[in-house]
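The structure appears right after this line, and notes come after that.
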Amino acid sequence: MEYQPGRGAKYPQAFLKGFKGYLHSDAYSGYVNLAGTISCLCWAHLRRKFVEALPPEAKHPEGAFAAEGVAYCNKLFELEAKLAAHAPKERKEQRLVQEKPVLDAFWSWVETAKGKVLPKSKLGEALNYVRNHKQALMNYLQDGNCVISNNLAENSIRPFSVGRKNWLFSGSPRGAAASATIYSIVETAKANGLNPYKYLVYLLQQLPAVAFRQQPELFDEYLPWSPAVKQHCT
């Protein structure tokens, strides 16, 4: 995590400078088409748009279309769950075998449905969203390491977002930057199977005695995936 005073594209551009690879995100314009990145948009966000388009009246003419959109998303997530334990290479191969036909049917359905709903309705907006971001929604097929949603990032940032609503302020930009750093350490520790408290204690005990300026390569030994760290902090 990183504190910045705004959400403009210049901030993720600076943060990701030099990075080349897949970027999982929602469709916020500041994240899309960043230099060096291939955008992989989140299907959970898309599914939510179809859910929000479900009308309260069961017999509403757009209800069946919205439900069908949800069903397509559910099918993809169901297939993804079955492929979770596969190695990336095999996952990519199986996605092309199992999920690509579902996606082809989905895009065909989108083209059929768009002419039968009001463009300004919630369902119409969901379909426009889909059509505007087709390639980015398909990019996860290119690499078995890619994921179908950015739920991992959403779940990692949620504690910070909930806490921010409770404490409201960080006191100063420096306080916000420090808070973001601590949350980054904690969430990265959790993502690597560490006990966050043990990891923070370990860092506070060990780092003051390390001569990083003379031996910057030692920094790697204190990262969450280091064998020594895992031995002391799980």
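With the first letter of the sequence shown counted as 1, position 66 gets the number 66 in the UniProt record's numbering; the numbers rise by one all the way through.
For glycine and all other residues, C-beta sits at the position ideal for the given N, C-alpha and C.
Small disclaimer: the values here were computed from a predicted structure and weren't measured.
| Item | Value |
| --- | --- |
| Simplified DSSP state of L23, which is helix, strand or coil | strand |
| From Y22, F212, P5, Y11, residue whose alpha carbon lies closest to that of Q142 | Y22 |
| Beta-carbon proximity list for residue 235, same chain, < 8 Å, skipping 5 on both sides | Past the boundaries of the shown model lies residue 235; the chain is included only from 1 to 234, so the question cannot be answered. |
| C146 versus F15, P5, T37, residue with shortest Cα-Cα distance | T37 |
| Complete runs of the beta strand (DSSP E) confined to the stretch 115-183 [at least 3 residues] | none |
| Ranges of the alpha helix (DSSP H) found wholly within the UniProt domain "Transposase IS66 C-terminal" (184-225), counting only runs of at least 4 | 196-206 |
| Residues near Y72 by beta carbon distance below 8 Å, same chain, minus five either side | V102, A105, F106, W109 |
| Delimiting residues of the beta strand (DSSP E) encompassing C42 | Unbroken run through C42: none, as it is neither H nor E. |
| Y119 versus H45 - alpha carbon distance | Residue 119 is actually Pro in this sequence, not Tyr. Going from the Cα of P119 to the Cα of H45 covers about 19 Å. |
| Whole-angstrom C-beta distance between F77 and A126, which should lie under 8 Å | The pair is not a contact, with the Cβ atoms about 17 Å apart (cut-off 8 Å). |
| Nearest-angstrom Cα separation, counted from G175 out to E221 | 27 Å |
| Distance, E187 Cα to S156 Cα | 6 Å |
| Given A228 as reference, the closest of R48, Y199, S39 once Cα atoms are compared | Y199 |
| Reference C54, options V117, L83, R131, closest by Cα | As written in the sequence, residue 54 is Leu, which differs from the Cys given in the question. Comparing Cα-Cα distances from L54 to each of V117, L83, R131, the minimum goes to V117. |
| Whole-angstrom distance between S226 and H133, CA atom to CA atom | 38 Å |
| C-beta atoms of G144 and R95 nearer than 9 Å | yes |
| Range of the contiguous alpha helix (DSSP H) that encloses P81 | Per the sequence shown, the amino acid found at residue 81 is Ala instead of Pro. Where A81 is concerned, the enclosing alpha helix (DSSP H) stretches over 63-82. |
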